[in-house]
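The block underneath contains the structure these notes are about, expressed in structure tokens.
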Amino acid sequence: MAEGVSIAEYRKQLLKERLLRIKETILLVLRHRSAIIGLAIVLFYSILGALAPVLTPYDPVMGMDVADAFAVPEWVAAPDTPRNVEGILDNYKIVDKSVVGDVKVLMERLSDGSIAVKVSGVGEANITIVSEDTLYYPYRPARSMLVKYGFKTTKLGKEMGWYNIAFAIENIDLRERGAVLVYKRGDRELEIPKGLYVVYDEVGFRMYSPFPLVREEKNVSTSIRLPYYVINAKQPVPMPDDVNAVSEILLEKDTRLRAVIYITYSCSSTSAMMRCSDGGIEFLIQPLYVKIYGLAHGILGTNYLGVDVWSQFVYGARIAVVLGLSVALATVLLGIVVGVLAGYRVGTLFDYVATFIIDVIYFTPLLPLIMAVGIVFGRRLDLIFSVFILLSWPGTARLARSWSMALRSDLYIEAAKAVGASDMRIVIKHIVPQLVPLLVYSLVLRVPGVIMTEAAISLIGFGDPHTPSWGKMINEAFYGGAFLQNAWWWIMPPIVGIVTIALGFALLGIALDEIVNPRLRRR
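This is the structure:
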């Protein structure tokens, strides 16, 4: 430090010099076209992973059934290819009411869209309720749909009457046209009316019921995924099991769907089996929700479970960049620390022990040990990469040891010892800074190895099932029928991601190697 210069000014000047050196290094790196391309690739995937919650609303692991299985990307689908269509069918109204005896029927609309239907008195009643809201369907028939419905029955008066309730989906236009499905299988030919399908029947869907009606309080809130072939035979007009209720009965391009509810009530004091003298029932009916699953969805379609592939890809980019860099950094730092200390203390007991440990770990097989850890402790990503870190640092340690051995005999190291510098200060201030190029170079080239190792582990079935990594995507594509279905939108993205991010880090490594190695630069 020059005379007359304060410590604060000296530190400020030192900081400026270091910042200038960093700036010069960055500019030197950016002079190489390969470095610019590599850095652009790495930054692209880093930004993609960081913005994953913004770029997609779907859960990459548990977000199933966002569309139909193996839905193609929207940008390659024809205009009439089914997309997701969903809606709530409510604003119920009574369109038909048949009453025998002294039966009263009252309907009340509730604030949440539900309705309360109160039926009381002695006699019989048949009530048909439809939703005034309809769902317009503008595509060719889809393969499947989800229907959610719910109701609650409670007693009115002294005792509960006998009842049945059924929910159905009706295609208004098909019913008005009287459309029929001509079913032909061999010599068998049937005409099945189109446009109506019952999704729930309290009595009709039971395996066995001694009575045509029921008399119990119920609270039902459930859903059904159509086609559900078991209930085909229980329709008003029974149909064969292999008829798809969605594509063959309910859907047609440019038609409308609505909800239909059928209520049957009976209270008779003269009935021998279903006696009732003063009955009443309140039906609390929820709005009906319908989601028609599209065969075209999003940027990269869906997999065999209807999971959004784009969500898996962007979250996989986050895993690749964050874990790749963190695991590579931990591996390189561990190798640098052990290698530098062993090289500086060459010939001592510490060097012998460290070298022995390095050699033992260096020849320990990585994949079998990760598989064993996964079997014993579970397939968790933190355990997988902990094993990876513990077994992957010896290569860097060997290089760092050889560099440290060469540097410890340099004149400036001897001069530092002569002025009384401690071994720790010499290692930190004089040797480790000389190994920064090795650290950066090793880090850059280690990341692709981490990513590819995770992909290999996941491909053989030992990856973390709860982590949306690119390796998990490849594993699911391999075992989930992607190749049989020719689902290229599911197979290609993780492969392209792994290859391109590895290429990005490799290009950065080539640029750094050219900067450090003058002979490569001249060539």
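Under the numbering used here, the first residue of the sequence shown is numbered 412, with each subsequent residue one higher. Where is the CB? At the ideal position from N, CA and C, for every residue including glycine. Remember, it's a predicted structure, so these values are computed and weren't measured experimentally.
Nearest-angstrom beta carbon gap, residue j and residue i [assumed within contact, 8 Å]
| i | j | result |
| --- | --- | --- |
| Tyr-676 | Ile-692 | 7 Å |
| Arg-729 | Thr-545 | Rounded, the Cβ-Cβ distance is 42 Å, inconsistent with contact. |
| Trp-573 | Arg-617 | No, Trp-573 and Arg-617 are not in contact; Cβ-Cβ is about 14 Å, not under 8 Å. |
| Asn-886 | Gly-908 | In fact, because the Cβ distance is near 14 Å, the residues do not count as touching under 8 Å. |
| Ala-488 | Leu-662 | So it is not a contact: roughly 17 Å between Cβ atoms. |
| Ile-795 | Asp-924 | With 8 Å as the limit, Ile-795 and Asp-924 do not qualify as a contact, their Cβ atoms being about 30 Å apart. |
| Leu-361 | Trp-804 | No answer is possible for residue 361: it lies beyond the span of the chain, which begins at 412 and ends at 934. |
| Tyr-594 | Ile-603 | 6 Å |
Residue from the options with nearest C-alpha to residue i
| i | options | result |
| --- | --- | --- |
| Ser-634 | Leu-918, Tyr-574 and Val-558 | Val-558 |
| Gly-606 | Ala-590, Asp-612, Arg-790 and Phe-774 | Ala-590 |
| Val-614 | Ile-580, Ile-576 and Val-757 | Ile-576 |
| Glu-497 | Ile-800, Tyr-547, Glu-570 and Asp-612 | Tyr-547 |
| Lys-702 | Tyr-726, Arg-669 and Met-684 | Arg-669 |
| Gly-891 | Gln-424, Phe-481 and Gly-449 | Phe-481 |
| Asp-470 | Ser-815, Gln-723, Gly-831 and Val-483 | Gln-723 |
| Lys-883 | Ile-906, Phe-894 and Trp-899 | Ile-906 |
| Asp-689 | Gly-512, Gly-717, Ser-833 and Val-784 | Gly-512 |
| Ser-869 | Lys-423, Arg-586 and Gly-785 | Gly-785 |
| Gly-534 | Arg-588, Asp-665 and Lys-515 | Lys-515 |
| Arg-551 | Pro-490, Ile-747 and Tyr-560 | Pro-490 |
| Ile-458 | Leu-794, Gln-896 and Val-733 | Val-733 |
| Val-965 | Val-641, Tyr-608 and Val-858 | Outside the displayed span of the chain (412 to 934) sits residue 965, for which this structure offers no information. |
| Ile-583 | Glu-543, Arg-756 and Asp-598 | Glu-543 |
| Leu-716 | Phe-788, Val-648, Gly-474 and Thr-564 | Gly-474 |
| Asn-643 | Glu-659, Ser-632, Pro-468 and Asp-598 | Glu-659 |
| Gly-758 | Gly-806, Ser-880, Thr-492 and Met-816 | Met-816 |
| Val-631 | Pro-493, Leu-699 and Ile-538 | Leu-699 |
| Tyr-852 | Ser-620, Lys-828, Arg-819 and Leu-810 | Leu-810 |
| Thr-864 | Val-771, Leu-777 and Gly-561 | Leu-777 |
| Thr-539 | Lys-508, Val-530 and Trp-881 | Lys-508 |
| Asn-897 | Gly-712, Met-835 and Pro-879 | Gly-712 |
| Gly-460 | Ala-867, Phe-767, Val-725 and Lys-645 | Val-725 |
| Leu-466 | Asp-653, Asp-719 and Met-782 | Asp-719 |
| Met-685 | Lys-664, Gly-705, Pro-623 and Tyr-704 | Pro-623 |
| Gln-646 | Phe-578, Ser-797, Ser-620 and Ile-769 | Phe-578 |
| Tyr-755 | Ile-824, Leu-454, Ile-768 and Ser-880 | Ile-824 |
Three-way DSSP call (helix, strand, coil) for residue i in this model
| i | result |
| --- | --- |
| Asp-513 | strand |
| Pro-604 | strand |
| Phe-916 | helix |
| Lys-423 | helix |
| Val-749 | helix |
| Asp-612 | strand |
| Asn-575 | strand |
| Arg-934 | Bear in mind that the predicted position of Arg-934 carries a pLDDT of just 45, short of 50, making it unreliable; the figure below should be weighed with that in mind. In the structure shown, Arg-934 sits in coil (DSSP, three-state: anything other than H, G, I, E or B). |
| Gly-589 | coil |
| Glu-663 | coil |
| Val-743 | helix |
| Tyr-640 | helix |
| Val-725 | helix |
| Arg-596 | strand |
| Tyr-547 | strand |
Own chain partners of residue i with C-beta closer than 6 Å, once the 5 adjacent residues on each side are dropped
| i | result |
| --- | --- |
| Val-528 | Met-518 and Phe-694 |
| Asn-655 | Pro-638 |
| Val-749 | Ala-765 and Ala-808 |
| Lys-423 | none |
| Arg-934 | Reliability of the predicted coordinates at Arg-934 is poor, the pLDDT of 45 falling under 50, and the value obtained from them is presented with this limitation in mind. For Arg-934, where only same-chain residues beyond five positions count, there are no Cβ hits under 6 Å. |
| Leu-431 | none |
| His-708 | Ala-478 and Ala-482 |
| Ala-463 | Val-725, Tyr-726 and Arg-729 |
Close Cβ partners of residue i (< 7 Å) along its chain, the five nearest in sequence each way excluded
| i | result |
| --- | --- |
| Ser-445 | Leu-918, Ile-921 and Ala-922 |
| His-877 | Val-472 |
| Ile-983 | Nothing in the structure corresponds to residue 983, since the chain is present only between 412 and 934. |
| Ile-862 | Ala-731, Gly-735, Ile-909, Ile-912 and Ala-913 |
| Ile-710 | Pro-484 and Trp-721 |
| Leu-931 | With a pLDDT of only 49 at Leu-931, under the threshold of 50, the placement of this residue in the model should not be trusted; the figure read from the coordinates follows. Closer than 7 Å at the Cβ level, and outside the excluded window around Leu-931, lie Asp-924 and Glu-925. |
| Pro-779 | none |
| Ile-839 | none |
| Thr-565 | Glu-628 and Glu-693 |
| Ile-526 | Tyr-503, Met-518, Glu-519, Arg-520 and Ile-696 |
Sequence-distant residues of the same chain with beta carbon closer than 8 Å to residue i, five excluded per side
| i | result |
| --- | --- |
| Val-541 | Tyr-503, Lys-504, Val-506, Glu-581, Arg-669, Ala-670, Val-671 and Ile-672 |
| Phe-894 | Ala-888 and Ile-902 |
| Leu-438 | none |
| Arg-790 | Phe-873, Gly-874, Asp-875 and Pro-876 |
CB contact check: residue i to chain D, cutoff 8 Å
| i | result |
| --- | --- |
| Tyr-619 | Protein chain content of the structure displayed is limited to a single chain, and chain D is not contained in it. |
Checklist entry - Which full runs of the alpha helix (DSSP H) of 4+ residues lie inside the region 787–813, going along the chain? => result 792–803
Next on the checklist: Suppose only complete runs of 3+ residues qualify. What are the beta strand (DSSP E) ranges in the region 675–722, listed by chain order?
Outcome noted: 691–696 and 699–703
Checklist entry - Going along the chain, which unbroken runs of the beta strand (DSSP E) with 3 or more residues stay wholly within the region 486–533? => result 496–500 and 503–520
Checklist entry - Which whole runs of the alpha helix (DSSP H) in the region 816–898 are 4 residues long or more, in chain order? => result Listed in chain order, they are 822–829, 834–837, 847–870 and 881–890.
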